[in-house]
Amino acid sequence: AQSVTQLGSHVSVSEGALVLLRCNYSSSVPPYLFWYVQYPNQGLQLLLKYTTGATLVKGINGFEAEFKKSETSFHLTKPSAHMSDAAEYFCAVSALTGGGNKLTFGTGTQLKVEL
Amino acid sequence: DAGVIQSPRHEVTEMGQEVTLRCKPISGHNSLFWYRQTMMRGLELLIYFNNNVPIDDSGMPEDRFSAKMPNASFSTLKIQPSEPRDSAVYFCASSLTGGNSPLHFGNGTRLTVT
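Taken in sequence, the protein lines are chains A and B. Residues 1040 to 1154, numbered by our numbering, are exactly what the first sequence covers, in order. Residues 51 to 164, numbered by our numbering, are exactly what the second sequence covers, in order.
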């Protein structure tokens, strides 16, 4: 079974500061890992994903995440926060079961960006 | 690419009424998912289909909930009878089969049951 833990349901940063959103996963098989972003009144949008290969993956809007197997982590970072980054962020892990893929989501982290 | 299309965007109904939510997945995608999002419980997977066949419905809360996928381009989620605790945002998502395939979400249906 797969699971995801996101530390911190709310994170607040100043504009221009580093963004760090934490995600730890549990998986009995090599995981596929995803970060999604949700803006108000919208569905989730894919930010980036890790499948195999390079452990540092880059996504849209300047975000990146690093897969660290030894730490079972997949933290999301952005060097400089922008006001438009304010949203809710979800980490997810995938399990390929029964002919389909099934994502398990974390509980989300609300990012607030202040002037 | 029109993305995943859900209708209606908002639904307000009275307790006891039947509610039907609709979803059109992205053309070519063969997996379809229904999620429910609430403040208390976050994102919950209700059911998912692969090639129009229900694979896992263990997340469907009660017999009041049912989902169908009569063809590759259409799915419905029905609640009958609806209850106030069903109030939530319901998302449909689609993807290609494969654990590394990301889900593409619709904009959701906000259901309010009074």
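We put the beta carbon where it would ideally sit given N, CA and C, even for glycine.
Residues bridged to residue i by DSSP?
i, result
"Pro104(B)", "Phe99(B)"
"Phe129(B)", "Here the sequence assigns Ile to residue 129(B), which means Phe is not the residue at that position. Looking at the DSSP assignment, Ile129(B) forms a beta bridge with Val69(B) and Phe115(B)."
"Ile76(B)", "Note: Ile76(B) sits in no beta bridge, so no partner."
"Val1152(A)", "Val1052(A)"
"Arg91(B)", "For Arg91(B), which the question treats as bridged, DSSP gives no partner whatsoever."
"Leu1142(A)", "Ser1133(A)"
"Asn150(B)", "In the DSSP output, where bridge partners are listed per residue, Asn150(B) has none listed."
Less than 8 angstroms between the CB atoms is what I'm expecting for residue i and residue j, so what's the real figure, rounded?
i, j, result
"Ser1112(A)", "Asn1063(A)", "5 angstroms"
"Glu1127(A)", "Gly1147(A)", "5 angstroms"
"Ser1051(A)", "Lys1151(A)", "4 angstroms"
"Thr126(B)", "Tyr140(B)", "About 11 angstroms separates the two Cβ atoms, so there is no contact after all."
"Leu1085(A)", "Phe1102(A)", "In fact, because the Cβ distance is near 11 angstroms, the residues do not count as touching under 8 angstroms."
"Ser81(B)", "Leu146(B)", "7 angstroms"
"Phe1129(A)", "Leu93(B)", "7 angstroms"
"Asn102(B)", "Ala117(B)", "11 angstroms between Cβ atoms; not a contact."
"Gly53(B)", "Pro131(B)", "Not really, about 31 angstroms apart at Cβ, beyond 8 angstroms."
"Ile129(B)", "Phe115(B)", "6 angstroms"
"Ala143(B)", "Leu161(B)", "With 8 angstroms as the limit, Ala143(B) and Leu161(B) do not qualify as a contact, their Cβ atoms being about 17 angstroms apart."
"Ser1119(A)", "Gly1055(A)", "5 angstroms"
"Lys1088(A)", "Val1096(A)", "7 angstroms"
"Thr1143(A)", "Gln1041(A)", "5 angstroms"
"Ala1104(A)", "Thr1116(A)", "7 angstroms"
Going by DSSP, what residue range makes up the beta strand (DSSP E) through residue i?
i, result
"Gln1038(A)", "Look at the range of chain A in this structure, 1040 to 1154, and you will see that residue 1038(A) is not part of it."
"Ala1125(A)", "From DSSP, Ala1125(A) is part of no beta strand (DSSP E); its letter is neither H nor E."
"Ala138(B)", "Ala138 to Ser145"
"Ser81(B)", "Ser81 to Thr88"
"Ser57(B)", "Ile55 to Ser57"
"Glu64(B)", "Neither: Glu64(B) is in no beta strand (DSSP E) and is coded neither H nor E."
"Phe135(B)", "A small fix is needed here, since residue 135(B) is Arg in this sequence, not Phe. Where Arg135(B) is concerned, there is no enclosing beta strand (DSSP E), given that its DSSP letter is neither H nor E."
"Thr159(B)", "Thr159 to Val163"
Along chain C, in chain order, which residues have C-beta atoms closer than 9 angstroms to that of residue i?
i, result
"Lys1108(A)", "Protein chains in the displayed structure are A and B, and chain C is not among them."
Check whether the Cβ of residue i sits closer than 7 angstroms to any heavy atom of the ligand NAP, and report yes or no.
i, result
"Tyr140(B)", "Ligands in the displayed structure: none, and consequently the ligand NAP is not present."
Selection of the segment 139-163 of chain B by Cβ proximity to chain A, strictly under 7 angstroms: Phe141, Ser145, Thr147, Gly148, Gly149, Asn150, Ser151, Pro152, Leu153, Phe155, Gly156, Asn157 and Gly158
Taking a cut of 7 angstroms between CB atoms, which residues from the segment 100-129 of chain B lie near chain A? Asn100, Ile105 and Asp106
Looking at chain B, which residues of the segment 1079-1090 of chain A have a Cβ within less than 8 angstroms of any of its Cβ atoms? Asn1080, Gln1081, Gly1082, Leu1083, Gln1084, Leu1085, Lys1088 and Thr1090
Entirely enclosed beta strand (DSSP E) segments - the segment 1050-1117 of chain A, minimum 3 residues: 1058-1065, 1071-1077, 1083-1089, 1095-1097, 1103-1107 and 1112-1117
Return the residues of the segment 57-89 of chain B that lie within a Cβ-Cβ distance of less than 7 angstroms from chain A, sorted by chain order. Ser81
Any C-beta of chain B within less than 7 angstroms: which residues of the segment 1066-1080 of chain A qualify? Tyr1071 and Phe1073
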